[in-house]
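Trainee: I have a structure here, written as structure tokens, and I will follow up with some questions on it.
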Amino acid sequence: MRVQLALLALLGAVLAAGAGAWQLSRIGIHQGYSPAQPIAFPHKVHAGDNQIPCLYCHFAARTSRHAGIPPASVCMNCHNVLEKQTVEIEKLKEAVDLAQPIRWVKVHNLPDFVYFNHSQHVQSGVACQSCHGAVEKMDRVEQVSPLTMGWCLRCHREHAKVPVNDFERAALSLKQKQKPTAGLDCASCHY
Amino acid sequence: MSDSDSHGHYASCKSAKERLVQIQPQEAPAYWKSVAELQNGPRSSGEFPGGLPAAGQSGTTRRDFLALMGFTLAAAGLSGCRAPVQNAIPLLVGSDQFVPGVANWYATTCRGCAASCSLLAKQRDGRPIKIEGNAESSLFGGGTCATGQAMVLSLYDDERLRGPLWQGQPAGWEELDRRVAESVATAKAGSGSIVLLSGTINSPSTRAIISEWRASHPNFLHVEYDATSLSAMRAANQESFGLAVVPHYALDRARVIVGLDADFLGTWLSPVEFTRQYANGRKPEDAPSLHIQFESGMSVTGSNADLRIAVAQSDLGPVAAALLARIARRGGHAGIGPIEDPIDSRKLDAVAEQLWKHRGESLVISGCNDVTVQIVVNTLNVMLGNIGKIIDLTRPSLQRNGDDQAMSDLVEKMNRGEVHTLFMLGVNPAYDYHDPARFLSGLEKVPLSVSFSDRRDETSSHVHAVCPDHHFLEAWGDAEPVATHFSLAQPLIAPLFGTRSAQESLLKWLGHEPADYYTYLRDYWQKNIFRRQRGVPDFQSFWDRSLQEGLVVLPLLHPATEPRIQGNWRAAVHSIREDQAKHRQAGSADRYELDLYESVALRDGRHANNPWLQELPDPISKVTWGNCAAIAPATAAKLKLTDGDVVRLRTVTQQIEVPIFIQPGQHAQTISVALGHGRNKVGRAGQNVGVNAYPLLRVKDGYRLLSAREVTLEKTGRSEKLATTQTHFSMEGRPIVLETSLEELHQSSEVGIEPALPTLWAARPEGEHAWGMAIDMNACTGCSACVVACQAENNVPVVGKDQIERIRIMHWIRLDRYYSGPEEDPVAVHQPMMCQHCQNAPCETVCPVLATTTSSEGLNQQVYNRCIGTRYCANNCPYKVRRFNWYNYTDNPQFDFNMESPLGRMVLNPDVAVRSRGVMEKCSMCVQRIQLAKNVALQGRRELADGDIQTACQQACPTQAIVFGDLKEPNSRVAQLQHSQRRYQVLDELGTRPNVSYLKKVRNPVRTT
């Protein structure tokens, strides 16, 4: 009985320590983060039901490191002519009328010591969903990926082809024009 | 391993060892960085070069420390659990011109000094964050100077006024406009005059506004005043050629350049342009020009000369006269009596010989603000046939228009109460006028004084109204630095504060409708510039193109006839001779002469509140944060003075107390003091840093000479620490700088690349590129533009005087200046030194956490988030290029510089991480630029081309001494330079295999015996 109790206590301690360690290792990872936004913008309606391409609104992702939240004027491109009115659309129109910029809450945050460039990935043919998940099915955007370095590297390792001899280099230079390789150097992202 | 293998290995090791021994050439000049190093050998920095805090000073016990650490850990853990909410606030109305995260570049014109270099300024997310030269400019190329690079920080200066002031109190523009209009109306009716006192104005549209004032107000007067003026040169040219202008020079065409105290590579007139021309004319592989410099103190220009002759300030005139006597004799001009040679006649003979040999392709250039000297120099150039070939008087420079005599007349006028309304634009006479008390007493008698200064400075704190002007990055403008070369300036950001452009104020007070300066500027260009060009038929296209390119070069309005020499140069020689005799009589051994020079970073003092410039080591003395009195080693030994001893320099009427600095190459009887320091009302960074030496300057015949005579030197017994970087990071006497002679270079044909030393390391996986750099030490003049460019690009913090004394400067690139030869007459060499990006890097092997590694593209990468701050890497780096963050320099009141305030932080480059305390950092070869260029190439679906990537230091360099590129691309410039005969690598024998190569300095000595 005593031994059993001791073993149980030990098991409990080990489990608690394990859970604690796991929790500690998750510090700074905000997978599942889904904050409320000032305007409850449904991606499901726009990107899902109406099939608006991601890059129509997030046009900066093509050329910039930031995908960018579209200016309210982009919203108004359509909402000027659409007749449907909801409370949320009213909020948008009010912001435009009052010339009051909208304070969206950023969902995907990277630490300051890492440099991430959207355009590099978009131009290389990485789909938005590979990192952001099925946004077209979300009413409120949620962080799907852990956005940890290990998670980045999993994909980078798959797509990094470092040529080691002349033959490979020649072979790669034929292909490379179509598809660039992902960097594995620290300085690809950290500077 | 077979026998033969091991034998072969042995042989190669042996030959490598022989090479290793040979690396030190047999007659290598002994290099030294300071006088102490020359006498005592290189300083061994020991384990703690910055010193340790004295034991027992700290009140923190071990127990406290542990308790605090425990708390910190707990707090850090807890705070890490919450996700901080970050907002993203997009624009309300988007623009296709403006994509967040993508930089836009705009052509504009620098207003850091009147040289008015053409710029391209980088705007990122609405903020100007970096300044670069406009490579399209035929005058300046893509280079800039250190001051120009730092101008972007001045925009975010916390000391700038938020709006206009009336009697020192914030006021509205309407109120000021009303008061000024009333005053102008009264002045127009009365007898007092309306005066605009300004620095050099080379903006054609602003000059047009001034002309309108002159036309509508008969009692209007415009006085141009420069703290360091070329007023005497203009007067001399009026006498010699009938043209009161400052000529435009073509140093690249001159085969022989003789400088008489003109620091044209550092500060004089248009240093970026001259530096570029100078380097172009001195490529050792072609026939380089010969440069002889006569000067008192060591200047940037003198440190680059083939022959530098230290002369007293009072001997500059006699040297010019002695050269003229020799040239006149050869040219068959009679009438110059015997002139006593002020220095060794053989040297003068040699210089005259060279000048005569290169008639028509030589240049004598003098910075003396003394009409007689300038007339003699003019005559020399005429007799040598240089006018029209090297010296262009038909398209003169408009970069220095100040008139000393008009200024002193104005001060007298003000004192007599004859000035009713005074506008001051870009001047600060209460600081830099030689008699500030007289100026201020005059200012008190002016019924309405208005300053356009951007801050409460020495002058503007004494005026009735301050109407702050925009920073040039917020303003429209134009410039004509050299006749017919026009450039435009455009705003990159809406005015940060309630400032208004000075031109708009002047238009408003003139009653011009509309008073908007942009409209005026556009109209002016339409009526004047557009009409004179032929290329573009309609104005809108012309305007758009000019704005985009920033530059317009027009044909000459009137094809001018070649000026002929006139005036009595014999009288000038006579006057110099008399002056010399008078000075000889008065002179005694304990009377010194003073040589005042413009500081390379702060210039005439207007940039004193710029912490980047305060922290920039002087190219020669390497002193930061303040100025000092440079004295010759022999003089210091005689007076038993050492570096930092404070002395009192006394002229007849004035005195200053300043620490001394022992300067090799300094003339024994002359003391040199930098101007531009010692501002007492400028802002937090520059307040009372250094000593103001302007009051000491001597006025001769109404011209402000940047020198003084009969100066006595007294010891005060005090001593100050000089924050000098010159002996930081000692190279422990190893051969770092190599040089060759022109003869050797043209004779030998051996090619630079030696087989690499054998290595124990396995080959690394190679990537697509191999980034490398080549630095031409023969082209580098030491101007230090690269240092500030790197600081701006890479968010390098300012650490302040105290930290620099502890060897904690953060600059990623430093300019090492080495001397060789005797201390009274050394030759100098400048070497930019940054991370050498070794393939076998000693820093990597000692890092316990792999925070520094070599990338597949050959970059030595530093990962800040991995670094735990052991500093092993810095200790193991043979090049001493790693910098440790001893503190958080951001948002830390202890370091009250630009990164302390939210406004100052606006200059930070968002593409580069701001490092925090406890991590190591160093040159990354601008990896953010490499990555960006790759991305741009990817977007354009093309390969990277040579030249797509320019590092910040390379871009800023006016002489293109730094070349960056892909060593794997055989046709890239950097790969080509690897085959140069002059190529070597620093400390190659350590087997570090740096990716940075240097090209040896080439000496071309002038025989004087």
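First to last, the protein sequences are chains A and B.
Numbering of the first sequence is given in the working numbering, commencing with residue 1 and proceeding in unit increments.
Numbering of the second sequence is given in the working numbering, commencing with residue 1 and proceeding in unit increments.
Note that CB positions come from ideal geometry on N, CA and C, so glycine has one too.
1) For residue 186(A), which option in 983(B), 982(B) and 856(B) has the closest C-alpha, if you only look at C-alpha atoms?
2) Here's the rule I'm using: 16 or more other beta-carbon atoms within 10 Å means buried, otherwise exposed. How should residue 792(B) be labelled?
3) Would you say residue 186(A) lies against chain B (beta-carbon separation less than 9 Å)?
4) Apart from the five residues on each side of it in sequence, which residues of its chain come closer than 7 Å, Cβ to Cβ, to residue 351(B)?
5) Return the CA-CA distance between residue 820(B) and residue 64(B), expressed in angstroms with no decimal places.
6) So the candidates are 18(A), 77(A), 17(A) and 191(A); which of them puts its Cα closest to the Cα of residue 111(A)?
7) May I ask you to report which of helix, strand or coil DSSP gives residue 828(B)?
8) In chain order, what are the residue ranges of uninterrupted beta strand (DSSP E) at least 3 long that sit wholly in the segment 453-512 of chain B?
9) Sort 296(B), 94(B), 108(B) and 806(B) by Cα distance to residue 310(B) and report the nearest one.
10) Say whether the segment 260-279 of chain B touches the segment 240-251 of chain B, bearing in mind that this needs 3 or more beta-carbon pairs closer than 8 Å, one atom from each stretch.
11) What is the DSSP secondary structure of residue 1011(B), counted as helix, strand or coil?
12) Name the DSSP beta bridge partners of residue 132(B), please?
13) At a cut-off of 8 Å, would you count residue 628(B) as near the ligand ZN, judging by its Cβ distance to the nearest heavy atom?
14) Out of 904(B), 448(B) and 660(B), state which residue places its alpha-carbon closest to the alpha-carbon of residue 610(B).
15) Just tell me which of 211(B), 357(B), 742(B) and 221(B) has its CA closest to the CA of residue 383(B).
16) Please list, in chain order, all residues of the same chain as residue 702(B) whose beta carbon is under 7 Å from its beta carbon, the five residues on each side excluded.
17) Taking the continuous alpha helix (DSSP H) assigned at residue 615(B), which residues delimit it?
18) Measure the CB-CB distance between residue 355(B) and residue 199(B) and report whether it falls below 9 Å.
19) Residue 221(B) to residue 116(B), Cα distance in whole Å?
20) To test your reading of the DSSP string, which unbroken alpha helix (DSSP H) runs of 4 or more residues are found completely within the segment 16-94 of chain A?
21) I need the DSSP call for residue 344(B), collapsed to helix, strand or coil.
22) Which of the three DSSP states is assigned to residue 22(B) in this structure?
23) Where residue 349(B) and residue 908(B) are concerned, what is the direct C-alpha to C-alpha distance, given to the nearest angstrom?
24) Hey, could you find the ends of the beta strand (DSSP E) residue 739(B) is sitting in?
25) Skipping 5 residues on each side, what residues in its chain have a beta carbon closer than 8 Å to that of residue 955(B)?
26) Mind checking residue 400(B): buried by the 16 CB within 10 Å criterion, or exposed?
27) Run through the DSSP bridge pairs and tell me what residue 661(B) is partnered with.
28) Assign residue 308(B) to one of three DSSP states: helix, strand, or coil.
29) Classify residue 86(B) as buried or exposed, calling it buried when 16 or more other Cβ atoms lie within 10 Å of its own Cβ.
30) Check distances from the C-beta atoms of the segment 113-133 of chain A to those of chain B and list, in chain order, the residues that come in under 9 Å.
31) Please compile the residues from chain B whose C-beta is within a distance smaller than 7 Å of the C-beta of residue 106(A).
32) Please state the DSSP three-state secondary structure of residue 396(B).
33) Opposite residue 256(B) in the DSSP bridges: which residues?
34) If you follow the beta strand (DSSP E) that residue 801(B) is part of, which residue opens it and which one closes it?
35) As a quick exercise: from 387(B), 494(B), 655(B) and 340(B), pick the residue whose alpha carbon is nearest that of residue 576(B).
36) Give every residue of the same chain whose Cβ lies closer than 8 Å to the Cβ of residue 1043(B), excluding the five residues on either side of it in the sequence, and list them in chain order.
Mentor: In terms of the structure at hand:
1) 856(B)
2) buried
3) yes
4) 258, 292 and 323
5) 53 Å
6) 191(A)
7) strand
8) 477-482 and 485-489
9) 296(B)
10) yes
11) The structure shown does not extend to residue 1011(B), since chain B is modelled only from 1 to 1009, so the question has no answer here.
12) 120(B)
13) Of ligands this structure carries none, so the ligand ZN is not represented either.
14) 904(B)
15) 357(B)
16) 404, 405 and 408
17) 611-615
18) no
19) 24 Å
20) 54-57 and 72-79
21) coil
22) Below a pLDDT of 50, predicted positions are generally treated as unreliable, and residue 22(B), at 40, falls in that range; the measurement from the model is reported next regardless. Residue state, collapsed to three classes: helix.
23) 54 Å
24) 739-741
25) 132, 133, 142 and 789
26) buried
27) 630(B)
28) strand
29) exposed
30) 113, 114, 115, 117, 118, 119, 120, 123 and 124
31) 86, 87 and 88
32) strand
33) 290(B) and 362(B)
34) That residue, residue 801(B), is in no beta strand (DSSP E); its alpha helix (DSSP H) goes 801-805.
35) 340(B)
36) This structure leaves residue 1043(B) out entirely; chain B is present only between 1 and 1009.
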